[in-house]
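Comments concern the structure below.
Rendered as structure tokens:
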């Protein structure tokens, strides 16, 4: 079957790849572009491990066809840190021990970043509902939610006020 | 031991593998690729129970791009000679990896294909012709043990104490523990509560599907990259199943995206090895989520009957527990462990625990976090709760009256050494969540639980860099932060910061033999090897300093990461720090390296007490968890954040098991919910913050007092949630999950 | 002499004896002597975990016994 040529923007840089017409964006990122930071947990849009940004909107990349990103802008976990500087969410995930096995972490960070861009000061409940599309089986979510709320507080300059402290 | 002043143990450094994981750089099982690599697909049985009459794989080879096709007959006939004691029965394992004569569950692997693309591999698999003679499925305990049941294994003879069936049966084993005089015990009781409980089959639910890449070389050497809790287990088991010499197989563990026991065995590896051998190309096999549900995991469905008697003063007197656990397609449910855990938290003068391992045409069970214990605790801890209720006693008070402590005899024989059960109960009683005000339709539950720590075999090596930093290598994949804990232990002994230690997970050729990351054994057993090797490093550092100063070894002490003069020797010299000694390694005897190996006994068990508050929606039957509190004896928490993480994660898994999770099979044995949409694991909006209290009663077998903490947290939640729902509704829920339809039916029964 | 305490299940093979005294230097010797005295135990106790003085070993063959050691045989357990 003839492969399709797709031109797109990934993490701010122009990129092109060949893919099958029915190939998912997830598979194209991982297999054609070697961006394996985006993970596959279910391939049915239920786990959030493959979360990416598509034109500023949070999507599960397993539910997007790769040819659909022609001319559009894709953001993946590989583009979250700027140069050698981690995004505050990445730093807070480390400080709060908000990961155990780490397979869901890229998806959570991409999704949480989307949350904070839309709602810079979420309540615990808002954070929990926004992140309800991302499954984590290790942490029970406690430390993830604390990391996200603490990031928001720090980015808003209300350091630590929104959480119960680093240790949990 | 307990007086030791720790400098690093108990601190919370950032984990060493964290940066790679928050940036997407870490390589998990499916992230490996090799040049020329083929993609594989597995053909799986559409029947729950059938004889394989014939398999014709040749049509697959006609599909463009297909390079190799295999079926069960391409593997050596498995023999018991290949058994490796710690990993269970090799013939059963081999027959589970790929069916030979019979398929025993829907999803059982029958054949596998490797091709240049995944699509070609899948098309090839579809072309394989398999002729089946369909047999009746056996889908629950009742029908499995019925006299006219279809028999899964013609050669299965029940083991264990009489009376057991003597002809072929679906009951693989009976486990019996007893003490005292049970009839007398019930006669002496003022209150007797008896109930029967059921729990459904559930999956570990790790987010990362099983994945492997295999490369075979012309000389027959095999390299396996895979996500596993035990690279040495993968090596040994793959050798047994494929007939390849163990020393020709190298297993390189990837980062592992969750396991919870489910990645302690093998599924794909022998298939990928055989496909790679036949094609001469590297082969990658990755399971879909549907395959994960149909063919891996799960843990047993269980049926547990509990009868318990107590005196008016709250003293538990007698208990009888009868347990049937489904093993799935092959013997090996965790019912033995369930028996050992069922009554082990309390002192009973009279008890009988009778357990049966039952095979059914469902996926073969694998270990799942404290295997067997949550199912037993779901029954026992609810009955304990009901006894307290009948006696008008506070449930924690009743547990304190009967809690085991040091020198009490466990139902399975030996006496407990130092344990922290009472301490968890006392901390739970003091916790503000135990006295928080409850509103209408809300209820509070309490439950306790315990689990063992395996000992088994571990090794570790530590070596010094020229700049005074250290590297520690073990053979334990890191499933939840163990590398951070291992670095802390080295840092503690050397007197440096944890960030100055690089912890590595070795492969089967670079690390000494080490048993699984599992059984709550890594911080305990591997930790002992790490501490011993680190102490050897310190001794060598003192020797080097002694050489530099020209004094005897006893003239050098090690304090805060520095050699300092002692015993009046060399009193005029300046202390030497690690970097200064390391810089002179060449002149003082060469590289500083150490290794240690241990095979310790099982550690004293870890106990936990949980508190749960729920609210029950009277219109929908939905149960919302309002507060959840876990109190656990960690012995000594090396990295408290990751100890808390284990407590919170185990509690969340247990809450899912209690409220939502279950395999649903149709009448033909087909799993109807093999995906995350219909197999509903807890998401962030289902849960509150999970409060943690770490109790530290030192484990006398570990130099820091460490106990394993990974498994105990999943033992109490099933009963804890059920007890809370009972308090909120006045109804006992004896069948899991406590889903909205069940709750509504019970409420509407009023 | 070491004392072996049998569960009710194993006692089916010892003619009902629940506590047996036996002279043995190591667990392997003890298992051999027990199986000679009670042939029905063969195939059972040699596959079990062993508690010696309250420490549980998954493979106890070469664990030394003290003159007053207490020994229990128990099911092997697997962890997750």
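Chains as they are written, first to last, in our numbering: chain V, 6 to 173; chain W, -6 to 743; chain D, 160 to 239. Idealized CB from N, CA, C, for every residue including glycine. Keep in mind the model is a prediction, meaning the values are calculated, not measured.
Nearest to residue 116(W) by C-alpha distance, out of 355(W), 454(W), 59(W), is 59(W).
Neighbours of residue 669(W) across chain V, judged by C-beta separation under 8 Å: 46, 47, 49, 51, 52, 140. Taking 8 Å as the cut-off, the beta carbon of residue 64(W) is found closer than this to the beta carbon of residue 103(W). Taken through DSSP and simplified to helix, strand or coil, residue 395(W) comes out as helix. In the DSSP assignment, residue 110(V) falls within the alpha helix (DSSP H) that extends over 110 to 123. Within chain W, 21, 200, 201, 250, 251 have C-beta atoms less than 7 Å from the C-beta of residue 108(V), given in sequence order. Annotation for residue 143(V): 105, 106 place their beta carbon closer than 7 Å to its own, counting only its chain and skipping 5 residues before and after. In the structure shown, residue 523(W) adopts helical secondary structure according to DSSP, grouped into three states.
Contact check for residue 453(W) and residue 519(W): beta-carbon distance about 6 Å, within the 8 Å limit, so the pair qualifies. For residue 205(D), no chain W residue has a Cβ inside 8 Å of its Cβ, as the nearest lies near 11 Å away. The beta carbons of residue 173(W) and residue 342(W) sit closer together than 8 Å. Of all residues in the segment 444 to 467 of chain W, those with a C-beta nearer than 7 Å to a C-beta of chain D are 445, 447, 448, 449, reading in chain order. Contact annotation for residue 154(V) against chain W: no contact, minimum CB-CB distance about 11 Å [criterion: below 7 Å]. Taking 8 Å as the CB threshold, residue 239(D) lines the interface with chain W. With distances taken between CA atoms, residue 629(W) lies nearest to 517(W) out of 536(W), 613(W), 517(W). Approximately 6 Å separates the beta-carbon atoms of residue 424(W) and residue 622(W); this is inside 8 Å, confirming the contact. According to DSSP, residue pairing for residue 348(W) in a beta bridge involves 168(W), 316(W). Out of 180(W), 85(W), 601(W), the CA that lies nearest to the CA of residue 688(W) is found in 601(W). The residues 572, 575, 576, in chain order, have a CB closer than 8 Å to that of residue 460(W) in the same chain once the five nearest residues on each side in sequence are set aside. In the DSSP annotation of this structure, the continuous segment of the alpha helix (DSSP H) that includes residue 84(W) starts and ends at 83 to 90.
Residues are counted here when their Cβ sits less than 8 Å from a Cβ of chain D; for the segment 318 to 335 of chain W these are 327, 329, 330, 332, 333, given in chain order.
Under the three-state reduction of DSSP output, residue 190(W) falls in the strand class.
Boundaries cannot be given for residue 261(W), as no beta strand (DSSP E) includes it and DSSP labels it neither H nor E. For residue 161(V), there is no enclosing beta strand (DSSP E), as DSSP gives it neither H nor E.
Taking a cut-off of 8 Å on C-beta distances, the segment 594 to 610 of chain W touches the segment 213 to 228 of chain D, as three or more cross pairs fall below it.
Residue 476(W) carries a helical assignment under DSSP once its states are collapsed to helix, strand and coil. Along the segment 687 to 710 of chain W, the positions whose C-beta sits under 7 Å from a C-beta of chain D are 704, read in chain order.
Taking a Cβ-Cβ threshold of 7 Å, the residues of chain V close to residue 680(W) are 145, 146, in chain order. At the C-beta level, residue 422(W) and residue 356(W) stay beyond 8 Å of one another.
Runs of the beta strand (DSSP E) lying entirely within the segment 514 to 566 of chain W, each at least 3 residues long, are 549 to 552, 555 to 558 in chain order.
Residue environment: residue 674(W) is assigned as buried (16 or more neighbouring CB atoms within 10 Å of its CB, all protein chains considered).
For chain D, the residues of the segment 341 to 369 of chain W that bring a beta carbon within less than 7 Å of one of its beta carbons are 360, 361, 362, 363, 364, in chain order. Counting along the chain, residue 189(D) sits inside the alpha helix (DSSP H) bounded by residues 186 to 196. Chain-order list of chain W residues neighbouring residue 210(D): 406, 407, by C-beta distance under 7 Å. Across the structure, residue 200(D) and residue 167(D) are spaced so that their CA atoms are roughly 13 Å apart.
When DSSP states are grouped into helix, strand and coil, residue 426(W) belongs to the helix group.
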